[in-house]
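In our numbering, the protein residues as written are 11 to 132.
Even for Gly, the Cβ is constructed at its ideal location relative to N, Cα and C.
For clarity, every value in this text was computed on a predicted model and none was experimentally measured.
Read the structure below first, then the notes.
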Amino acid sequence: MGIIRHPGNLDWVDERSSCNRTPREAPYGYSAHFKWREFDKRNPPEGIDAVHSDRMQQWNAEKYRAAFKGKGWIDALSKEKCKNAIRTYYDGKYECIGYAVECNVSNGYPVGLFFLKKVADD
């Protein structure tokens, strides 16, 4: 007996995937889905970047702690907390325009996926 796949009410990062898994179906291996976004994912703006929270921590643990300390669990950040954390981590050079969560299937922990846009120079 296989798992029945369904889109649910989630805003999938990759809606074309035939194997998106909800947190309910696969609590330790669910697929990336947006919590919020300020762009059309079918027609994303030029210059959009994406970064995973676990990589941010590996690249600069001190900056990561400063940016995310007291913000709560990585899979439950508010829009305001995401924007503040990205602004802090990247010294105001990038703004967060979207936030998704997914699960690291190798260890079952949630991972934040931040969508970034470079802040225009004055």
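- Sorting F124, D21, S116, R47 by C-alpha distance to the C-alpha of Y104 places F124 at the top.
- Under the DSSP assignment, R75 falls in the alpha helix (DSSP H) whose first and last residues are 71 to 78.
- Counting of Cβ neighbours within 10 angstroms places V111 among the buried residues, the total reaching 16 or more.
- In its chain, beyond the 5 residues on either side, no residue has a beta carbon closer than 7 Å to the beta carbon of W69.
- One thing to note: G108 has its Cβ within 8 Å of the Cβ of F44.
- Ranking Y38, A42, R34, Q67 by CA distance to the CA of D24 puts A42 first.
- Residue pairing of A110 in beta bridges, as defined by DSSP: F44, L123.
- Listed as beta-bridge partners of V61 by DSSP are F124.
- Residue burial is scored here from C-beta neighbours: R34 has fewer than 16 other C-beta atoms within 10 angstroms and is therefore classed as exposed.
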